[in-house]
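Trainee:
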Amino acid sequence: MPAPRPLDEVACRTSFARFRVASIVEGIALLVLVAIMIMRYVVFGGEGIFTTTSDTWTQISKTWSPIHGLIYMIYVVLGFDLWMKMRWGLPRMLLLMLFGVVPVLSFFGERWTHQAVEDDLARRPTLQDEDRADAGPGPRA
Amino acid sequence: MLRVALRPRFLGLLALMVVATLVCGLLATWQWDRAHRAISSKAEGSQELGDIRDVLDVGDAVTNALVGDTVSATGIYVPDEQVVVPGRNIGGAEAVLVVSSLLVELEDGSQVRLPVARGWLPAEELTGADGQIDPSLAPAPPQGEVEISGRLEAGEAASGGVSEGVASEIATPLLVNEWGSPMYSGFVSVDDPPGDLQPLPAAESEFTRGLDWQNIGYSLQWVLFGAFFLYLWWRSVRAAHLDEVADRREAMERMLDEASSSSEASSGTTAATGPSSAPADSSSSSAVHATAGSTPDKDV
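Residue numbers (my numbering), protein chains in the order written: chain A, 1 to 141; chain B, 142 to 441.
#1: Can you name the residues that DSSP bridges to valine 303 of chain B?
#2: So, for arginine 92 of chain A: in the same chain, excluding its five sequence neighbours on each side, which residues have a beta-carbon less than 7 Å away from its beta-carbon?
#3: Between which two residues does the alpha helix (DSSP H) carrying arginine 144 of chain B extend?
#4: Give the DSSP-derived three-state secondary structure of methionine 324 of chain B in the structure shown.
#5: Which two residues bound the contiguous alpha helix (DSSP H) that contains alanine 29 of chain A?
#6: Could you confirm whether any beta carbon from chain A is found closer than 8 Å to the beta carbon of leucine 278 of chain B?
#7: Are the C-beta atoms of leucine 373 of chain B and some chain A residue less than 8 Å apart?
#8: Determine the direct distance from the alpha carbon of glycine 69 of chain A to that of aspartate 134 of chain A, and round the result to whole angstroms.
#9: Can you tell me the Cα-Cα spacing of arginine 5 of chain A and leucine 361 of chain B, whole angstroms?
#10: Give the interface partners of leucine 154 of chain B over in chain A, defined as CB-CB distance under 8 Å, in chain order.
#11: Taking the continuous beta strand (DSSP E) assigned at tryptophan 261 of chain B, which residues delimit it?
#12: I'd like to check one pair, glutamate 9 of chain A with leucine 90 of chain A: are the Cβ atoms closer than 8 Å?
#13: Buried or exposed: tryptophan 354 of chain B, going by 16 or more other Cβ atoms within 10 Å of its Cβ?
#14: Can you round the beta-carbon distance between leucine 291 of chain B and valine 245 of chain B to whole angstroms, since I take them to be within the 8 Å contact cut?
#15: Scan the segment 358-372 of chain B for residues whose Cβ lies nearer than 7 Å to a Cβ of chain A and list them as they occur along the chain.
#16: For alanine 236 of chain B, which three-state DSSP category applies?
#17: State the beta-bridge partners of glutamate 286 of chain B as determined by DSSP.
#18: Look at the Cβ atom of threonine 482 of chain B, then the Cβ atom of glycine 367 of chain B, and state whether they are nearer than 8 Å.
#19: Output the distance between the C-alpha atoms of leucine 157 of chain B and leucine 373 of chain B, rounded to the nearest integer angstrom.
#20: For the segment 315-334 of chain B, which residues have a CB atom closer than 9 Å to at least one CB atom of chain A, in sequence order?
#21: State whether the segment 226-243 of chain B contacts the segment 307-317 of chain B, with contact taken as three or more CB pairs (one from each stretch) at a distance under 8 Å.
#22: Taking the Cβ atom as the reference point for each residue, do isoleucine 67 of chain A and glutamate 26 of chain A lie within a distance shorter than 8 Å?
#23: Compute the distance between the beta-carbons of glutamine 339 of chain B and glycine 209 of chain B, then report whether it is under 8 Å.
#24: 8 Å is my cut-off, CB to CB: does threonine 436 of chain B come that close to chain A?
#25: Taking the alpha helix (DSSP H) that glutamate 118 of chain A falls in, what are its first and last residues?
#26: Whether or not the segment 290-304 of chain B and the segment 262-282 of chain B are in contact is what I'm after, with contact meaning three or more pairs of Cβ atoms, one per stretch, closer than 8 Å; do they touch?
#27: Tell me the rounded alpha-carbon separation between valine 160 of chain B and serine 54 of chain A.
#28: Give the straight-line distance between the Cα atoms of proline 416 of chain B and serine 404 of chain B, rounded to the nearest whole angstrom.
#29: Taking leucine 78 of chain A as part of the beta strand (DSSP E), name the residues at either end of that continuous run.
#30: Express the C-alpha separation of valine 196 of chain B and methionine 324 of chain B in angstroms, rounding to a whole number.
#31: Could you work out which residue in B:Glu305, B:Ala400, B:Gln223, B:Phe369 is closest to valine 164 of chain B when comparing CA atoms only?
#32: For the alpha helix (DSSP H) holding aspartate 192 of chain B, just list the boundary residues, first then last.
#33: If I measure Cβ to Cβ from phenylalanine 99 of chain A and keep anything under 6 Å in the same chain, skipping five residues before and after, which residues do I get?
#34: Nearest to glycine 153 of chain B by alpha carbon, out of B:Pro227, B:Thr268, B:Ser377, B:Glu305?
#35: Taking DSSP as the reference, what is the three-state secondary structure of glycine 272 of chain B?
#36: Could you check where the alpha helix (DSSP H) with leucine 452 of chain B kicks off and where it finishes?
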């Protein structure tokens with residue numbers, strides 16, 4: 001088994017910082033969407049399922065839905081960037097995408113991803129290892 | 142790269158991605174159909190649905206499938222139950238709609254009100270001396286039993302109310318308060334009104350405007366999403382392939398280094414036994430040769 005390829009730690013951390021912001025923003029945006037849906041279909045719900053009696057909430061929902069869609073797309077793009085930098089397997093990308101669509105899950109997903117990033121950076125060789133070895137107070141002849 | 146792609150792990154993931162892409166494709170066609178539904182729904186033109194009692198139950202919504210189709214109704218206009226709806230623009234003219242209440246008898250003998258838009262008049266014809274719209278100037282509905290035929294339309298969204306015979310919209314909730322229930326939701330817009338009244342143009346809605354570009358956009362987004370899943374798979378195959386190529390190259394370099402250093406070391410010992418050169422430390426000479434030898438070896 002060959003040694004895993006080194007990661008670019010700086011790039012990984014930058015990507016994760018971006019992903020973290022996207023993840024929190026997406027989490028909030030999704031909760032807002034759920035709240036709007038509840039107002040539209042439950043609080044002001046009509047007789048059938050997914051019918052409403054409130055024009056105001058229909059309008060709010062029609063405005064927010066595309067905005068949330070855009071936020072999710074940005075989230076997926078930033079997740080993809082992190083996934084590539086971390087050299088993760090395909091299933092993990094699907095997991096990152098899933099974190100963004102289940103309400104509240106993205107907050108836990110963000111913590112889980114942080115842990116995964118830290119673990120991998122500690123376990124795998126990085127491009128910065130050599131610099132650190134040079135700068136560090138290592139034993140020198 | 143193909144050999145990496147054909148591994149069971151990647152084939153399994155490919156199957157998963159293909160399923161995801163197919164689902165996205167289905168969602169794309171769903172949005173595509175939604176974008177075109179108005180066009181396909183009205184492609185055959187407006188249909189003759191016959192008597193309203195056979196078409197619509199009291200309290201049922203006028204659905205998009207029904208809007209614009211022609212219905213007939215027989216009943217008696219209730220005297221004094223008439224409102225005008227000002228502030229409309231029809232073909233550039235400021236128009237006032239005249240809406241009356243037609244009492245229709247159902248099969249079980251109960252009577253139901255049906256709002257009927259009898260037509261429109263130019264605003265100046267209904268403007269009183271004080272400059273305000275005067276509902277009493279609107280022509281009274283005919284007396285006795287009448288049969289009307291017209292377009293079935295969904296009720297408008299109520300924003301205001303009814304005051305002194307002037308309504309803000311043709312909205313069932315407003316008219317129920319004014320005239321009483323039970324009442325059909327929606328209204329009938331008379332095809333060829335008698336007298337000065339002119340027929341209303343077909344009501345416009347997001348639905349009737351035809352191609353819905355928002356749904357077209359959603360459809361394209363689903364296609365993009367589906368393609369993204371396949372792209373992800375390709376990226377992971379490529380990453381695995383490139384890693385393996387790099388691993389093989391490094392392994393090869395190591396091997397060549399070892400091979401060259403051992404051969405140099407052996408030649409070094411033979412040289413050391415010779416009389417010409419000073420005996421060198423074998424370990425340091427092999428290290429020097431190894432670094433020097435690795436450069437030309439790369440091209441092999």
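A virtual CB, placed ideally from N, CA and C, is assigned to each residue, including glycine.
These figures come from a predicted structure and were not determined experimentally.
Mentor: Reading it off the structure:
#1: On the second sequence, residue 303 of chain B is found 162 positions in, with the first residue counted as 1. Its beta-bridge partners are B:Ala308.
#2: Here the question's residue 92 of chain A lines up with position 92 in the first sequence. Excluding positions up to five away in sequence, the list reads Trp83.
#3: Counted from its first residue, the second sequence places residue 144 of chain B at position 3. Unbroken alpha helix (DSSP H) run through arginine 144 of chain B: 143-146.
#4: Taking the first residue of the second sequence as 1, we reach residue 324 of chain B at position 183. Of the three classes helix, strand and coil, the one that applies to methionine 324 of chain B here is strand, per DSSP.
#5: As a working note, residue 29 of chain A is residue 29 in the first sequence. Alanine 29 of chain A: member of the alpha helix (DSSP H) spanning 9-37, first to last residue.
#6: Position 137 of the second sequence, counted from the first residue, corresponds to residue 278 of chain B. Cβ-Cβ to chain A under 8 Å: no for leucine 278 of chain B.
#7: As a position in the second sequence, residue 373 of chain B is number 232, starting the count at 1. Yes, leucine 373 of chain B counts as interfacial toward chain A.
#8: In the first sequence, counting from the first residue as 1, residue 134 of chain A sits at position 134. In the first sequence, counting from the first residue as 1, residue 69 of chain A sits at position 69. Aspartate 134 of chain A and glycine 69 of chain A: Cα-Cα distance of roughly 47 Å.
#9: Stepping through the first sequence from its first residue, residue 5 of chain A is reached at position 5. Stepping through the second sequence from its first residue, residue 361 of chain B is reached at position 220. The alpha-carbon separation between arginine 5 of chain A and leucine 361 of chain B amounts to approximately 37 Å.
#10: As a first step, residue 154 of chain B must be located in the second sequence, where it is residue number 13. Leu90, Pro91, listed in chain order.
#11: One-based indexing of the second sequence puts residue 261 of chain B at position 120. Unbroken beta strand (DSSP E) run through tryptophan 261 of chain B: 252-263.
#12: By one-based count along the first sequence, residue 90 of chain A stands at place 90. By one-based count along the first sequence, residue 9 of chain A stands at place 9. No, they are not a contact pair.
#13: Here residue 354 of chain B corresponds to residue number 213 of the second sequence, with the count starting at 1. It counts as exposed.
#14: Residue 291 of chain B sits at position 150 when you count from the first residue of the second sequence. Residue 245 of chain B sits at position 104 when you count from the first residue of the second sequence. With the sequence shown as reference, residue 291 of chain B is identified as glycine, and leucine is not the correct amino acid for it. In this structure glycine 291 of chain B is not in contact with valine 245 of chain B, their Cβ atoms being roughly 13 Å apart against a cut-off of 8 Å.
#15: Shown here is that no member of the segment 358-372 of chain B has a Cβ falling below 7 Å from a Cβ of chain A.
#16: In the second sequence, counting from the first residue as 1, residue 236 of chain B sits at position 95. Of the three classes helix, strand and coil, the one that applies to alanine 236 of chain B here is strand, per DSSP.
#17: Residue numbering aside, residue 286 of chain B sits at position 145 when the second sequence is read from its first letter. Checking the DSSP bridge columns, you'll see glutamate 286 of chain B partnered with B:Ile217.
#18: Because chain B spans 142 through 441 in this model, residue 482 of chain B falls outside it and cannot be assessed.
#19: Position 16 of the second sequence, counted from the start, is the residue given in the question as residue 157 of chain B. Position 232 of the second sequence, counted from the start, is the residue given in the question as residue 373 of chain B. When rounded, the distance between both Cα atoms is 12 Å.
#20: Listed in sequence order: no entries.
#21: Judged by Cβ distances under 8 Å, the segment 226-243 of chain B makes contact with the segment 307-317 of chain B, as three or more pairs qualify.
#22: In the first sequence, residue 67 of chain A corresponds to position 67, counting from 1. In the first sequence, residue 26 of chain A corresponds to position 26, counting from 1. With a cutoff of 8 Å on beta-carbon distance, isoleucine 67 of chain A and glutamate 26 of chain A are scored as not near each other.
#23: Taking the first residue of the second sequence as 1, we reach residue 339 of chain B at position 198. Taking the first residue of the second sequence as 1, we reach residue 209 of chain B at position 68. The beta carbons of glutamine 339 of chain B and glycine 209 of chain B sit no closer together than 8 Å.
#24: For the purposes of this step, residue 436 of chain B is taken as residue 295 along the second sequence, with counting starting at 1. Low confidence applies to threonine 436 of chain B: its pLDDT is 42, below 50, so where it sits in the model is not reliable, and the reading given next is rough at best. Residue contact with chain A for threonine 436 of chain B: absent (no Cβ-Cβ distance below 8 Å to any residue of chain A).
#25: The residue labelled residue 118 of chain A in the question sits at position 118 within the first sequence. Note, glutamate 118 of chain A: alpha helix (DSSP H), 105-123.
#26: The segment 262-282 of chain B makes no contact with the segment 290-304 of chain B; the number of CB pairs closer than 8 Å stays below 3.
#27: Counting from 1 along the second sequence, the entry for residue 160 of chain B is found at position 19. Counting from 1 along the first sequence, the entry for residue 54 of chain A is found at position 54. Looking at the two C-alpha atoms, the distance is approximately 38 Å.
#28: Here residue 416 of chain B refers to the residue found at position 275 when the second sequence is read from its first residue. Here residue 404 of chain B refers to the residue found at position 263 when the second sequence is read from its first residue. With a pLDDT of only 48 at proline 416 of chain B, under the threshold of 50, the placement of this residue in the model should not be trusted; the figure read from the coordinates follows. Each residue's Cα considered, the two are about 20 Å apart.
#29: Counting from one through the first sequence, the residue named residue 78 of chain A turns up at place 78. Not the beta strand (DSSP E): leucine 78 of chain A falls in the alpha helix (DSSP H), residues 55-85.
#30: Here the question's residue 324 of chain B lines up with position 183 in the second sequence. Here the question's residue 196 of chain B lines up with position 55 in the second sequence. Their backbone Cα atoms lie some 15 Å apart in a straight line.
#31: Along the second sequence, read from residue 1 onward, the residue named residue 164 of chain B stands at position 23. Nearest in C-alpha terms to valine 164 of chain B, of all of B:Glu305, B:Ala400, B:Gln223, B:Phe369, is B:Phe369.
#32: For this step, residue 192 of chain B is matched to residue 51 along the second sequence. Unbroken run through aspartate 192 of chain B is the beta strand (DSSP E), 189-192; no alpha helix (DSSP H).
#33: Mapped onto the first sequence, residue 99 of chain A falls at position 99. Only Leu105, Ser106, Gly109 meet the Cβ criterion.
#34: Here residue 153 of chain B is taken as the residue at index 12 of the second sequence, counted from 1. Per the Cα distances, B:Ser377.
#35: Indexing the second sequence from 1 puts residue 272 of chain B at position 131. Glycine 272 of chain B falls in the coil class under three-state DSSP.
#36: The structure shown does not extend to residue 452 of chain B, since chain B is modelled only from 142 to 441, so the question has no answer here.
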